[in-house]
Amino acid sequence: MGQALTSKRCYLGLGGNITNELGSPSQHIHNAIQSLEAHPKVTQVKASSLYASKPMGPQDQPDFINAVVGLDTTLDAHELLSLCQQLEQQAQRVRLRHWGERSLDVDVLLYGDEKVNTPTLTVPHPGITQRNFVLIPLYELNPTVEINGVPIADLEQSQDWSGLTRLS
-1 MGQALTSKRC
9 YLGLGGNITN
19 ELGSPSQHIH
29 NAIQSLEAHP
39 KVTQVKASSL
49 YASKPMGPQD
59 QPDFINAVVG
69 LDTTLDAHEL
79 LSLCQQLEQQ
89 AQRVRLRHWG
99 ERSLDVDVLL
109 YGDEKVNTPT
119 LTVPHPGITQ
129 RNFVLIPLYE
139 LNPTVEINGV
149 PIADLEQSQD
159 WSGLTRLS
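When we follow my numbering, the leftmost residue of the sequence shown carries the number -1, and every step to the right adds one.
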């Protein structure tokens, strides 16, 4: 028998900027959080406030709604990635262009304090330290978390509210 995985505290970034027949970006985020709470291998789900931000990349698209979710899980990192992709599919995500509009994007930001570098997953998320729409909600959830050994409070973008509005 394989050894049981211990629970890891993980953080996911959620965002979206288009409405479809299933709802608005904030509704897609809410639905994803409910699915996480119902998952048998996920516990202690805690969501940040929602934030509005300007899009990265192409500017000819609506602003994004973003949040970060902290959770404990016994899923391994790739199983957690698979769960994130399932949540995107539930929101009928369609990939039209790089950094383009989407109903829901769910990224694995941190998987405990582990580093993962495979063709399908890099953790910590490679853009995490440059994105205030990730760092500010992450800081809201855990002001003492470290990213690559650096306290989040020491990362400039975790204190830079440029282009970001807290919604709730």
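Virtual Cβ for every residue (Gly too), placed ideally from N, Cα, C.
Could you name the residues of the same chain whose beta carbon sits closer than 6 Å to that of residue i, not counting the 5 residues immediately before and after it, in chain order?
i    : result
V132 : G11, I126
S46  : A65, V66, P135, E138, L139
H26  : G14, A89, S101, L102
With a threshold of 16 other CB atoms inside 10 Å of the CB of residue i, please say whether the residue is buried or exposed.
i    : result
G147 : exposed
P124 : exposed
N130 : buried
N64  : buried
R164 : exposed
T116 : exposed
T71  : buried
P149 : exposed
D103 : buried
P56  : exposed
S51  : buried
Return the CA-CA distance between residue i and residue j, expressed in angstroms with no decimal places.
i    : j    : result
A30  : D152 : 30 Å
G21  : N15  : 11 Å
V143 : T41  : 19 Å
E99  : P38  : 31 Å
K113 : E77  : 15 Å
N18  : Y9   : 26 Å
A89  : P60  : 17 Å
Q83  : S24  : 18 Å
Y109 : L81  : 13 Å
R7   : L34  : 14 Å
S5   : L73  : 8 Å
May I ask which residues mark the beginning and end of the beta strand (DSSP E) holding residue i?
i    : result
N64  : 62 to 71
L102 : Here L102 belongs to no beta strand (DSSP E), and DSSP marks it neither H nor E.
V143 : No beta strand (DSSP E) contains V143, which DSSP labels as neither H nor E.
L10  : 6 to 14
A45  : 40 to 45
Start and end of the alpha helix (DSSP H) containing residue i?
i    : result
L81  : 75 to 88
L119 : Segment: none, L119 is in no alpha helix (DSSP H) and carries neither H nor E.
L48  : Here L48 belongs to no alpha helix (DSSP H), and DSSP marks it neither H nor E.
L136 : 130 to 139
Less than 7 Å between C-beta atoms, sequence neighbours within five positions excluded: which residues of the same chain meet that for residue i?
i    : result
Q157 : none
L188 : Because residue 188 is not part of the residues shown, which for the chain are -1 to 166, the question remains open.
Looking only at its chain, what residues have a beta carbon closer than 8 Å to the beta carbon of residue i, apart from the 5 residues adjacent to it on each side?
i    : result
Y49  : I63, N64, A65, F131, I134, P135, L162, T163, R164, L165
S160 : N130
Against chain D, with Cβ distances strictly below 8 Å, would residue i count as a contact?
i   : result
L78 : Of the protein chains in the structure, only one exists, and it is not chain D.
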